[in-house]
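S.K.: In case it helps, mature numbering (1 follows the signal peptide of the UniProt record, and there is no 0) puts the sequence shown at residues -20 to -1, 1 to 391. Note that CB positions come from ideal geometry on N, CA and C, so glycine has one too.
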Amino acid sequence: MKLHSTALTAALLASSAASALPMQSFFAPPSSGPSLSTLDIESATPFSRLTNRLLQPLSSLFEPRLVQTAHDAEPYWTNELGKHLLFYRGQSFMDLTDHPQLGLLSAQRLDAAKEPTFPEHVRFDKQLKPVFKGISDKGPRENLKAFTGFHTRYYKSETGKQSQKWLLSKVKETIGSHANITVREFEHAWGQNSIILHVPGRNASLSQSEGVTILGAHQDSTNFFPFFAAPGADDDGSGTVTIVEALRVLLEAGWHPETDVEWHWYSAEEGGLLGSQAVAASYEQEGRKVKAMLQQDMTAFVKAGTDEVVGIVSDFVSAPLAAFVTRLVKAYLDIPPVETKIGYAASDHASWSKIGAPSASAIEATYENSNLRRIHTTGDVFDIPEYSFRHLLQFVRLSTAFAVELGGWAQ
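#1: Would you call the stretch 208 to 217 and the stretch 345 to 362 in contact, with 3 or more CB pairs under 8 Å?
#2: State the start and end residues of the unbroken alpha helix (DSSP H) segment that holds residue 41.
#3: Does the structure place the stretch 273 to 284 close enough to the stretch 218 to 225 that three or more beta carbon pairs sit under 8 Å?
#4: Is residue 152 near the ligand SAH - that is, is its Cβ less than 6 Å away from at least one heavy atom of it?
#5: Tell me whether the stretch 368 to 384 and the stretch 220 to 231 touch, counting them as touching only if at least three CB pairs, one residue from each stretch, are closer than 8 Å.
#6: Quick one: what does DSSP say residue 271 is sitting in, helix, strand or coil?
#7: Does the Cβ of residue 389 have 16 or more other Cβ atoms within 10 Å, making it buried, or fewer, making it exposed?
#8: Taking Cβ positions only, does residue 340 come closer than 7 Å to chain D?
#9: When the Cα of residue 59 is compared with those of 70, 42, 53, which residue comes out closest?
#10: Taking residue 271 as the reference, which of 142, 203, 95, 103 has the closest Cα?
#11: Whose C-alpha, out of 45, 65, 76, 344, is nearest the C-alpha of residue 253?
#12: Going by the CB atoms, is the gap between residue 292 and residue 319 shorter than 7 Å?
#13: Given residue 18, which residues of its chain have a CB within under 8 Å of its CB, disregarding the five upstream and five downstream residues?
#14: For the stretch 351 to 358 against the stretch 102 to 118, do three or more pairs of beta-carbon atoms, one drawn from each stretch, fall closer than 8 Å, so that the two count as touching?
#15: Helix, strand or coil for residue 161 per DSSP?
#16: Classify residue 347: buried if its beta carbon has 16 or more other beta carbons within 10 angstroms, exposed otherwise.
#17: Give me the DSSP bridge partner(s) of residue 75.
#18: What are the residues that DSSP puts in a beta bridge with residue 56?
#19: Looking only at its chain, what residues have a beta carbon closer than 6 Å to the beta carbon of residue 317, apart from the 5 residues adjacent to it on each side?
#20: Under three-state DSSP, which class holds residue 68?
#21: Starting from residue 155 and walking both ways along the alpha helix (DSSP H), at which residues does that stretch end?
#22: Would you kindly work out how many angstroms separate the C-alpha atoms of residue 241 and residue 195, rounded to a whole number?
As structure tokens, this is what we get:
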């Protein structure tokens, strides 16, 4: 998730605290991380690993990039270094370089389209309640330990590529022998690919007319400088493992949707929503209809002294879909919803909004009570008191409910 200017002071304090740590904490790979041998990736000497971490991200700092910092702001040219400076200042942005025309193909269709509508009442509570009983923190804990073990998941780094390959293997392991489900890498020039899992609906004609339901999270992480360690346990390791667990429990429950449902793990969200823009652009160009998209970015942090809530993002989203997500929270979760604003281009749902697809976002708290002091630093870890797997599991419920209530449950 992008850090906004309203959190500048907290961001600078967190960055300063992180930079006061011994240099080894930035460069040494965590001992708990996955071994390179299990990923079939050739191990390098410690010196060459250090050199690669420094030189690989630095080599691209002066590449020209077209960025936009507000929905009504004129895009302007800068470079990767300029993006990092925006990032350091807490200014969210969308990097439009690869897809400057995103949304134009949909503009005429959107002008003529009616505002989307979503169910006023839940329909599958009998099917979902047994599913909720199967939700466990075992998988999320194990997955997060491995996922945060990579030095960084920065999208241009070698460990960013390795973490994506690890996640792909975990997703394939989760779907097991379900031959009707497909999973593919959506390739990007920077090497860390997005992952798209497709569960076909039993009703092909209805899928065609209504479109696909999408659950999303972003797999990359970052620090204020790309060669620093970036465990990204909350941003967005939490969202990543949340939707993996939702997939697991639904498949184990024998779920088959009526209409198509997809799981997306995006690359390069922290680089300006690059991965999700590329995916959304391909759907726009192919004329693929999207029924609804829900982004899960940061789902585990409960600030000390605050009550557990689900933050329902109310700006730069589809208002009807946000209202529907609110109804799901009230019907299926043990904690209440609360509206919050997070600003322009805060996460990958913005890419879908740009092509006119109904998109929404749910986060761990109100924006001001979210994990602003730790994200994008070496302190974004899961072994702190405020990191709550119990809270994360509420978002697993929300993800399963979103998939079933919109995708249906075929008999």
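M.R.: Per the coordinate set shown:
#1: Short answer: they touch.
#2: Here residue 41 refers to the residue found at position 61 when the sequence shown is read from its first residue. Here residue 41 belongs to no alpha helix (DSSP H), and DSSP marks it neither H nor E.
#3: Touching, per the Cβ criterion.
#4: For the ligand SAH, the structure offers nothing, since it holds no ligand at all.
#5: Contact between the stretch 368 to 384 and the stretch 220 to 231 is established, with three or more Cβ pairs separated by less than 8 Å.
#6: Taking the sequence shown and counting its residues from 1, one reaches residue 271 at position 291. Reduced to three states, the DSSP call for residue 271 is strand.
#7: Within the sequence shown, numbered from 1, the residue matching residue 389 stands at position 409. That one is buried.
#8: The displayed structure is made up of one protein chain only, and chain D is not part of it.
#9: For the purposes of this step, residue 59 is taken as the residue at position 79 of the sequence shown. Nearest to residue 59 by C-alpha distance, out of 70, 42, 53, is 42.
#10: Taking the first residue of the sequence shown as 1, we reach residue 271 at position 291. Distances from the CA of residue 271 to each of 142, 203, 95, 103 were compared; the closest alpha carbon is that of 95.
#11: Translated into positions along the sequence shown, residue 253 becomes position 273. Of the listed residues, the one whose Cα sits closest to residue 253 is 76.
#12: Indexing the sequence shown from 1 puts residue 319 at position 339. Indexing the sequence shown from 1 puts residue 292 at position 312. Yes, they are a contact pair.
#13: For this step, residue 18 is matched to residue 38 along the sequence shown. Because the pLDDT of residue 18 is 33, which lies under 50, any placement of that residue in the model is unreliable, and the question is left without a value.
#14: These segments do not touch.
#15: Counting from one through the sequence shown, the residue named residue 161 turns up at place 181. In the structure shown, residue 161 sits in coil (DSSP, three-state: anything other than H, G, I, E or B).
#16: The sequence position of residue 347 within the sequence shown is 367, counting from 1. Result: buried.
#17: Counting from one through the sequence shown, the residue named residue 75 turns up at place 95. Residue 75 is bridged to 47.
#18: Numbered from its first residue, the sequence shown carries residue 56 at position 76. Note: residue 56 sits in a beta bridge opposite 47.
#19: Residue mapping note: residue 317 aligns to position 337 of the sequence shown, counting from 1. Only 290, 292, 306, 309 meet the Cβ criterion.
#20: Here residue 68 is taken as the residue at index 88 of the sequence shown, counted from 1. Residue 68: helix per DSSP, three-state reduction.
#21: Taking the first residue of the sequence shown as 1, we reach residue 155 at position 175. From DSSP, the alpha helix (DSSP H) with residue 155 extends over 138 to 155.
#22: Your numbering for residue 241 matches position 261 in the sequence shown. Your numbering for residue 195 matches position 215 in the sequence shown. Taking C-alpha positions only, residue 241 is separated from residue 195 by approximately 8 Å.
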